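Enquirer: Heads up: the sequence shown at position 44 corresponds to 44 in full-length UniProt numbering, and the numbers run straight through without jumps. Heads up, the beta-carbon is just placed ideally off N, CA and C, and yes, glycines get one too. None of these values were measured; they are calculated from a predicted model.
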Amino acid sequence: MKLTLSLLFLFLSIVQGLNPKCDVQDHSSTLQVIHVFSPCSPFRPSKPLSFEESVLQMQAKDKTRLQFLDSLVARKSTVPIASGRQIIQSPTYIVRAKIGTPPQTLLLAMDTSNDAAWIPCTACDGCTSSLFAPEKSTTFKNVSCSAPECKQVFVYIGGEFGRIMLASWFCETLKCSFC
C-alpha cells in the first residue's frame, strides 16, 4: 500500500512538473512551494537531469540531512562544515514568500528541521541576491541578542569553510544583525 501511494505521489509530481506555472500570483497570502529541480526554480541544474540523476542527487542530500538530524537527537552536532553548507545551500524545496509591510517577495529554502525562519537581509555579507530590506518594512524588529532564538544559532564566519561560532559570541562581538 505504501509503495502504491509513493508511486502515485511520484507520478503526480512528475506530471505537475511537466506544465509548471512559474508566474507569481498577486494574492495577499500565498506560499508557492517549488521543487529545487523545477523549471521555475532559479537553483535548477544548468542542464536537465535524467530521472535517475535527480533521484540520486536527492538521495545524497537526504542522507546528509538525516545524519545532521540524527546528531541533534543525540544532543551533539557531528556534521562537518561542508555538510552543514550542503544542508543549508542545497534545499529540496524552495518557497516564494512575501515578507514585511509592504511585502517583499523572496525565494527561501524550505527547512522543515528548524522552527525558526532565518531570512537573509541587506546587512548580510555574501548572501544571495534575494535579500530582505528591513529598512523598507514598517513591521520589522531586530531579534534581541538575549532572545532564545539567538542563543541556539550557529554562525559561519571566516570564509567559505570558516569556523563555527556560537551566535551569543557573534552577538556580543558583531552586534547581532539577524533579521
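1. Quick one, which of ILE99, MET58 and ALA109 has its alpha-carbon nearest TYR93's?
2. If we ignore side chains and look at the alpha-carbon of each, how far apart do THR138 and CYS40 end up?
3. Could you pull the DSSP bridge partners for CYS121 from this structure?
4. Return the CA-CA distance between THR105 and ILE34, expressed in angstroms with no decimal places.
5. Is it buried or exposed for VAL36, if we count other Cβ within 10 angstroms and need 16 for buried?
6. For PRO45, which residues from the same chain have a beta carbon less than 8 Å from its beta carbon, with the 5 sequence-adjacent residues on both sides left out?
7. For ALA60, does the three-state DSSP call read helix, strand or coil?
8. Could you give the residue range of the beta strand (DSSP E) that holds THR105?
9. Does DSSP classify VAL95 as helix, strand or coil?
10. Using DSSP bridges, identify the partner residues of GLN32.
11. From the DSSP output, in three-state form, read off SER51 for me.
12. Roughly how many angstroms lie between the CA atoms of MET58 and LYS136, to the nearest whole one?
13. Quick check on SER97: buried or exposed, where buried means 16 or more other Cβ atoms within 10 Å of its Cβ?
14. Out of VAL95, GLY100 and PRO42, which one is the CA nearest neighbour of residue 181?
Expert: On the basis of the supplied data:
1. ALA109
2. 30 Å
3. PHE132
4. 14 Å
5. buried
6. Cβ neighbours of PRO45 beyond the five flanking positions: PHE37.
7. Correct three-state label for ALA60: helix.
8. 104 to 109
9. strand
10. ARG96
11. Ser is not the amino acid found at residue 51; the sequence shown has Phe there. It is helical.
12. 37 Å
13. It should be pointed out that residue 97 corresponds to Ala in this sequence rather than to Ser. By the neighbour-count criterion, in which a residue is buried when 16 or more other Cβ atoms sit within 10 angstroms of its Cβ, ALA97 is buried.
14. This structure leaves residue 181 out entirely; the chain is present only between 1 and 179.
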